[in-house]
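Letter by letter, the sequence shown follows residues 3 to 538 in this note's numbering. All C-beta atoms, glycine included, are put in the ideal place defined by N, C-alpha and C. Please read all numbers here as calculations on a predicted model, not as lab measurements. Take a look at the structure below.
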Amino acid sequence: INRNNILEGIVSGYAVQGKPKVITIETDLYEAKLSSRGGTIMSWKLKKYKNYQGKQVQLIADKGKGDLSLSFFVNNDTINFGKVNYDLQVENNPMSDTLVILNQDHPTATIFGKVLLNDGKEIVKKYTFFYNKYNFNFQVKLDGFDNWVNNKSYYLSWKSGLLPTEKRIHDDEGYAKVYMMLGKELDEFAIGNKREYKKKKITGSVVWGDIRTKYFTMAIISKEKEGRGAIIEGRGIPLTKKNVIKRYSITIEMPLNSGNITSDNFTVFIGPLEYNTVRKLGVKLDKIIMSSGWYERLFRPFSIAILVSFKFLHKFIPNYGWVIVLFSILIKILVYPLTHKSYVSMKKMQLVQPKMAELKEKYKSDPQRMNKETMKLYKSYGVNPMGGCLPSLLQMPLLVGLFIVFRSTIELRGAPFIFWINNLSMPDTVATLPFSLPMFGNAINVLPILMGITMFFQQKMTTQDPKQKSLTYLMPIFFVLLFNTFPSGLNLYYTLFNLFTIVQQHLIKPDVVQLKAVEKKQTKQNVRQKSHRPRK
3 INRNNILEGI
13 VSGYAVQGKP
23 KVITIETDLY
33 EAKLSSRGGT
43 IMSWKLKKYK
53 NYQGKQVQLI
63 ADKGKGDLSL
73 SFFVNNDTIN
83 FGKVNYDLQV
93 ENNPMSDTLV
103 ILNQDHPTAT
113 IFGKVLLNDG
123 KEIVKKYTFF
133 YNKYNFNFQV
143 KLDGFDNWVN
153 NKSYYLSWKS
163 GLLPTEKRIH
173 DDEGYAKVYM
183 MLGKELDEFA
193 IGNKREYKKK
203 KITGSVVWGD
213 IRTKYFTMAI
223 ISKEKEGRGA
233 IIEGRGIPLT
243 KKNVIKRYSI
253 TIEMPLNSGN
263 ITSDNFTVFI
273 GPLEYNTVRK
283 LGVKLDKIIM
293 SSGWYERLFR
303 PFSIAILVSF
313 KFLHKFIPNY
323 GWVIVLFSIL
333 IKILVYPLTH
343 KSYVSMKKMQ
353 LVQPKMAELK
363 EKYKSDPQRM
373 NKETMKLYKS
383 YGVNPMGGCL
393 PSLLQMPLLV
403 GLFIVFRSTI
413 ELRGAPFIFW
423 INNLSMPDTV
433 ATLPFSLPMF
443 GNAINVLPIL
453 MGITMFFQQK
463 MTTQDPKQKS
473 LTYLMPIFFV
483 LLFNTFPSGL
493 NLYYTLFNLF
503 TIVQQHLIKP
513 DVVQLKAVEK
523 KQTKQNVRQK
533 SHRPRK
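Right under this line is the structure:
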């Protein structure tokens, strides 16, 4: 079936063949272009965000072919109005019919797009833009379609997906996926990092549909009533031998009202995945932030707490690098009582090492007795053999939470610190090797090396067992290899925390002297107690 012939039979010749009109909407946040061809968004540039080439971030691919387009199922065939020219007009804008500039003096603008069918049916699209929001209101009004379509539905689509914006394409596309809020349940859809095509049909209530990349998103949110299903498509487009661009599309099935007129209202959000901005929409769209993968979902409470803390401190400190410095100090103060007790226990452990050696020699043929006497020794000197693990255990959820925040939140994207650290969300690379090493990669980064050095000195201060000496060297090397590809913000935090820990361990030295005195005092007291016991 020739769909163009069908359209020409039901729509005026101008609507099908006419040259498209483009209206530009300028705000402080973005520059958008609305095309009369399909009444669709054909461009959306963010003014406050740059891509790796230094240009404004462009989110719309393929000039928005099919973004917010409408289609219908008629006579067992899909009729798509994405190529039909709408009569596009700006309401109350006498200065220009192709340029709208929004600001505090002119905060909103409404644009209408109309298509009149030959038999009197009418499609009206209404767009209301705001000068200080990334979201806009979108209304679909259909007159006379109830008895024309087969399944009492119409379909609202976003076809072009979202463009990748980051230099590391594989990292950006690793986050690219579709989310659907089905009633109260969040569903997700993704394709692999290869050339492939996947399609998924969803039945049931659809509250909103969303396409995201690492830092940006597009969401269509139904206001008054829920959709009755959706179709999701994903296609991997080869870019290089190792990288693909993931192109997603979503089509939401909306029910037609009984009667001649259907009028549905939507909120469309196209912008950054900034936590507070997305949360203000009030539809739980913020659930897609820091929830890509099981470990992000597991540690999300820690990640949210860290991000909220960072944003609060950033109100007073404009540089996120100094925010990390202050955050490191505050965390060290917060955990000081627990870590102090742990480090004291470790010092005690070092003091009883000679006595433990004596027990091992004395009971080397009786392991059970040796374990029993060892526990008695620990108890008599207040030693907790697991106490040294406490600082590491306290750090783990915090480190994972920080890793997620630095790696995936737009608040830290491109945030500079000082000197060579120009992006806290990326490694602080100062040189590259002509070859790649396992785990390490090919980038030479300074902060992971500094972190390894501080870890070495920290462990050297606490490790006394000769059998564990090798760990003093191996662990820092392993962590340098592991952390070399991690964000510089995380390495900055870990380096600072290690430095503060070294200072804290130095401050515990007076306690060590006191512990020796306590040991001698307890020994004399035990002798006196034994000498005064009554003889049986």
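Among the options, whose alpha-carbon lies nearest the alpha-carbon of residue i?
i: threonine 112; options: Gly403, Ile125, Phe132 and Leu309; result: Phe132
i: aspartate 79; options: Asn152, Leu241, Glu226 and Leu452; result: Asn152
i: isoleucine 234; options: Val246, Asn259, Arg249 and Lys203; result: Lys203
i: glutamate 124; options: Ala232, Ser265, Lys227 and Ser159; result: Ser265
i: lysine 326; options: Asp212, Asn245, Leu414 and Lys179; result: Note on identity: in this sequence residue 326 is isoleucine, with lysine being the wrong assignment. The residue with the shortest Cα to Cα distance from isoleucine 326 is Leu414.
i: lysine 179; options: Gly295, Thr411, Lys169 and Asn278; result: Gly295
i: leucine 449; options: Tyr496, Ser367 and Phe437; result: Tyr496
i: phenylalanine 291; options: Ile308, Leu395, Leu104 and Lys216; result: Residue identity check: residue 291 is isoleucine in the sequence provided, not phenylalanine. Here the closest residue by C-alpha is Lys216.
i: threonine 543; options: Ser38, Phe74, Asp107 and Gly84; result: Residue 543 is absent from the structure shown; the chain starts at 3 and stops at 538.
i: leucine 118; options: Ile306, Ala192, Asp430 and Leu90; result: Leu90
i: threonine 242; options: Lys334, Glu298, Ile171 and Pro303; result: Ile171
i: leucine 72; options: Asn373, Ile254, Met377 and Asn500; result: Ile254
i: phenylalanine 499; options: Ser162, Met398, Ser410 and Ser293; result: Met398
i: asparagine 424; options: Ser490, Met182, Pro440 and Ser155; result: Ser490
i: glutamate 298; options: Gly236, Ala192 and Leu401; result: Leu401
i: asparagine 53; options: Lys169, Ile27 and Lys154; result: Lys169
i: leucine 309; options: Ser382, Gly403, Tyr365 and Arg237; result: Gly403
i: aspartate 148; options: Met256, Ala221, Met463 and Met182; result: Met256
i: tyrosine 51; options: Thr487, Ser472, Gly273 and Thr431; result: Gly273
i: threonine 431; options: Leu396, Asn486 and Met463; result: Asn486
i: leucine 492; options: Thr26, Ser410 and Asp368; result: Ser410
i: valine 24; options: Lys374, Val285 and Val102; result: Val102
i: asparagine 447; options: Ala433, Lys381, Leu439 and Phe437; result: Ala433
i: phenylalanine 114; options: Leu104, Asn120, Thr130 and Asn105; result: Thr130
i: serine 251; options: Lys462, Lys67, Met183 and Ile504; result: Lys67
Would you mind stating whether residue i and residue j have Cβ atoms separated by less than 8 angstroms?
i: serine 224; j: phenylalanine 271; result: no
i: threonine 165; j: alanine 34; result: It should be noted that the sequence gives leucine, not threonine, for residue 165. No, these two residues do not count as a Cβ contact at 8 angstroms.
i: tyrosine 88; j: lysine 116; result: yes
i: isoleucine 406; j: phenylalanine 301; result: yes
i: threonine 167; j: aspartate 173; result: no
i: leucine 158; j: tryptophan 210; result: no
i: phenylalanine 218; j: leucine 31; result: no
i: aspartate 99; j: lysine 161; result: no
i: asparagine 444; j: leucine 435; result: yes
i: methionine 441; j: leucine 379; result: no
i: phenylalanine 419; j: glycine 323; result: yes
i: glycine 122; j: lysine 85; result: no
i: serine 207; j: glycine 238; result: no
i: leucine 36; j: asparagine 137; result: no
i: serine 155; j: arginine 214; result: no
i: leucine 188; j: tyrosine 181; result: yes
Across which residues does DSSP place residue i in a beta bridge pair?
i: leucine 158; result: Leu72 and Ile254
i: lysine 143; result: Val126 and Ser265
i: aspartate 89; result: Lys116
i: valine 482; result: Bridge partners of valine 482: none, in fact.
i: methionine 182; result: Asp189 and Gly211
i: asparagine 335; result: What sits at residue 335 in the sequence shown is isoleucine, not asparagine. Answer is none; isoleucine 335 lacks a bridge partner.
i: aspartate 79; result: Val76
i: serine 490; result: Bridge partners of serine 490: none, in fact.
i: glycine 231; result: Thr205 and Glu255
i: threonine 110; result: Phe132
i: asparagine 137; result: Phe271
i: valine 59; result: Leu48
i: valine 24; result: Ser37
i: threonine 42; result: Ser37
i: isoleucine 103; result: Glu28
Any heavy atom of the ligand HEM closer than 7 angstroms to the beta-carbon of residue i?
i: threonine 487; result: You won't find the ligand HEM in this model; it holds no ligand whatsoever.
Tell me, please, whether the CB atom of residue i is closer than 8 angstroms to any CB atom in chain C?
i: lysine 202; result: Looking for chain C here will not work: only one protein chain is present.
Exercise. Indicate whether the contact test is met: 3 or more Cβ pairs, each with one atom in the stretch 450–463 and one in the stretch 353–371, closer than 8 angstroms.
Key: Short answer: they don't touch.
Quiz prompt | Start-end ranges of the alpha helix (DSSP H) lying completely within the stretch 233–305, minimum 4 residues | solution = Taking only runs of at least 4 residues, the alpha helix (DSSP H) segments lying wholly in the stretch 233–305 are 277–281 and 296–300.
Self-check item: Length at least 3, wholly inside the stretch 191–227: the beta strand (DSSP E) runs in chain order
Solution: Here the runs fully enclosed are 199–208, 210–214 and 218–224.
Quiz item: Counting pairs of Cβ atoms below 8 angstroms between the stretch 141–157 and the stretch 254–263, do you hit three or more?
Solution: The stretch 141–157 is in contact with the stretch 254–263.
Practice problem: For the stretch 311–322 and the stretch 192–212, state whether three or more C-beta atom pairs, one from each stretch, are separated by less than 8 angstroms. | Solution: Three or more Cβ pairs closer than 8 angstroms define a contact, and the stretch 311–322 falls short of that threshold against the stretch 192–212.
Quiz prompt | Contiguous beta strand (DSSP E) assignments of at least 3 residues, all confined to the stretch 413–459 | solution = Whole beta strand (DSSP E) segments, 3+ residues: 431–439 and 443–447.
Quiz item: Does the stretch 234–253 come close enough to the stretch 272–283 to have 3 or more Cβ pairs within less than 8 angstroms?
Solution: Segments in contact, no.
Self-check item: Unbroken stretches of the alpha helix (DSSP H), 4 residues or longer, contained in the stretch 340–410
Solution: If we require 4 residues or more, the alpha helix (DSSP H) runs fully inside the stretch 340–410 come out as 355–364, 369–382 and 392–410.
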